[in-house]
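Okay, so here's the structure we're looking at.
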Amino acid sequence: MFETLTRLIRSVQGGKTTPVDPAPTILICSGSTSVRFPTSINHAVYAAKHGYRYRFDINPYAGLPNVYYHKLATIIDALKDCDWLFWLDDDAAFMQLDKSLESLVPEMRDKNLFAIYCRSPVNRGIKTYLSAGNFLIRRCPEAFAFLIDCLNTTGEQSLEFWNEEEYGPYWGPYDQEAMIHQLKKCPRRLKQVVLLEYTRFNTRPFHFERADDHFLVHFTNEPGRTKLEQMADFTSRYGLSRFLVPDALAQPYEVYFSSIMNGILEP
Numbered sequence: 666m667f668e669t670l671t672r673l674i675r676s677v678q679g680g681k682t683t684p685v686d687p688a689p690t691i692l693i694c695s696g697s698t699s700v701r702f703p704t705s706i707n708h709a710v711y712a713a714k715h716g717y718r719y720r721f722d723i724n725p726y727a728g729l730p731n732v733y734y735h736k737l738a739t740i741i742d743a744l745k746d747c748d749w750l751f752w753l754d755d756d757a758a759f760m761q762l763d764k765s766l767e768s769l770v771p772e773m774r775d776k777n778l779f780a781i782y783c784r785s786p787v788n789r790g791i792k793t794y795l796s797a798g799n800f801l802i803r804r805c806p807e808a809f810a811f812l813i814d815c816l817n818t819t820g821e822q823s824l825e826f827w828n829e830e831e832y833g834p835y836w837g838p839y840d841q842e843a844m845i846h847q848l849k850k851c852p853r854r855l856k857q858v859v860l861l862e863y864t865r866f867n868t869r870p871f872h873f874e875r876a877d878d879h880f881l882v883h884f885t886n887e888p889g890r891t892k893l894e895q896m897a898d899f900t901s902r903y904g905l906s907r908f909l910v911p912d913a914l915a916q917p918y919e920v921y922f923s924s925i926m927n928g929i930l931e932p
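Residue 758 in the working numbering is what sits at position 93 of the sequence shown, and the numbering runs on without skipping anything.
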């Protein structure tokens with residue numbers, strides 16, 4: 666794991682040295698319990714373009730109640746190494762590679778917030794309160810407390826608490842249900858979280874007419890087609906490499922091509 670980078674920027678004005686707040690360190694983070702999709706090169710390309718760090722985590726964590734909580738354990742471990750962490754599921758990819766998170770989400774400047782989510786789009790008539798597939802979280806005590814509470818939330822607790830009309834279908838016990846549970850049961854936390862429209866960073870393949878129409882594409886369950894099949898269709902339609910970036914941008918990562926493709930284990 667890379668060590669945390671700390672910097673103090675000083676500007677000299679009138680012979681005096683004045684401390685200036687450094688730009689926040691941003692970590693792009695993804696992962697799963699195995700390599701399931703060829704998205705990590707897309708993530709790495711995007712991170713490198715903006716000077717962000719990137720982490721793809723398949724480390725095993727002891728004591729998790731199910732594999733879906735791997736995300737929570739990963740974020741708890743990674744968040745101490747950055748100011749803001751942008752999580753995206755391993756079935757999501759960046760499409761507007763030149764757009765920075767800071768320009769896309771100016772809400773990051775609000776120090777009263779500890780997390781920024783998107784609402785979900787309506788997909789086959791289904792909508793959820795928020796999407797835990799792609800979101801921003803800031804390093805602060807409130808964020809760690811929230812994540813630990815989510816990690817300790819049981820499926821039984823979430824199911825007993827659940828209001829399908831307000832939150833959408835209960836698919837748990839997953840990380841998303843735990844997050845909604847821990848936010849909605851604590852009004853104080855809700856004041857430190859913002860929910861953006863899905864168009865900001867939670868669009869689906871059917872929202873696209875060109876590859877760069879939206880910031881991010883998230884491949885979700887679709888009857889009759891695996892996510893790998895959806896990705897293959899998307900890359901073919903928009904002239905992208907199988908790694909969801911133009912061939913020229915994927916090429917510097919050629920040494921990883923075979924290991925990624927041979928290691929894919931989509932359930």
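For glycine and all other residues, C-beta sits at the position ideal for the given N, C-alpha and C.
Values in this document were obtained by computation on a predicted structure and should not be read as measured data.
Just the Cα atoms here: how many angstroms apart are residue 727 and residue 737?
-> As a position in the sequence shown, residue 727 is number 62, starting the count at 1. As a position in the sequence shown, residue 737 is number 72, starting the count at 1. The straight-line gap from Cα to Cα measures roughly 12 angstroms.
For residue 712, which option in 692, 698, 699 has the closest C-alpha, if you only look at C-alpha atoms?
-> Numbered from 1 along the sequence shown, position 47 holds the residue referred to as residue 712. For the residues 692, 698, 699, the minimum Cα distance to residue 712 belongs to 692.
Do you know offhand how far residue 671's Cα is from residue 749's?
-> Stepping through the sequence shown from its first residue, residue 671 is reached at position 6. Stepping through the sequence shown from its first residue, residue 749 is reached at position 84. Here the model assigns residue 671 a pLDDT of 24, short of 50, so the residue's position is not dependable and the matter cannot be decided.
How would you call residue 666, buried or exposed, if buried means at least 16 neighbouring beta carbons within 10 angstroms?
-> If you number the sequence shown from 1, residue 666 lands on position 1. For residue 666, the pLDDT reaches just 25, beneath the cut-off of 50, and the residue's location in the model is therefore unreliable, although a value from the coordinates is still provided. With fewer than 16 other Cβ atoms within 10 Å, it is exposed.
Give a yes or no on whether the C-beta atoms belonging to residue 625 and residue 695 are separated by under 8 angstroms.
-> This structure does not reach residue 625, given that the chain is present from 666 up to 932, and the question cannot be answered.
Take residue 745 as the anchor and find which of 708, 794, 806 has the nearest alpha-carbon.
-> As a working mapping, residue 745 is identified with position 80 in the sequence shown. Checked all of 708, 794, 806; the closest Cα to residue 745 is 806.
If you drop the 5 nearest sequence neighbours on each side, which residues of the same chain put their C-beta closer than 7 angstroms to that of residue 677?
-> Position 12 of the sequence shown, counted from the first residue, corresponds to residue 677. Summary for residue 677: the model assigns pLDDT 25, below 50, so the residue's position carries little reliability; its value from the coordinates is reported in the next sentence. For residue 677, where only same-chain residues beyond five positions count, there are no Cβ hits under 7 angstroms.
Between residue 897 and the rest of its own chain, which residues show a CB-CB distance below 8 angstroms, the 5 nearest in sequence each way excluded?
-> Counted from its first residue, the sequence shown places residue 897 at position 232. Same-chain partners within the cutoff: 907.
State the start and end residues of the unbroken alpha helix (DSSP H) segment that holds residue 735.
-> In the sequence shown, the residue the question calls residue 735 occupies position 70. 735-744 is the extent of the alpha helix (DSSP H) around residue 735.
Measure the C-alpha to C-alpha separation of residue 923 and residue 851 and round it to an integer number of angstroms.
-> Counting from 1 along the sequence shown, the entry for residue 923 is found at position 258. Counting from 1 along the sequence shown, the entry for residue 851 is found at position 186. Spanning the two alpha carbons is a distance of roughly 47 angstroms.
With a cut-off of 8 angstroms, do at least 3 Cβ pairs link the segment 779-787 to the segment 861-875?
-> yes
In whole angstroms, what separates the C-alpha of residue 901 from that of residue 710?
-> Locating residue 901 in the sequence shown gives position 236, counting from the first residue. Locating residue 710 in the sequence shown gives position 45, counting from the first residue. Approximately 19 angstroms, taken between the alpha carbons.
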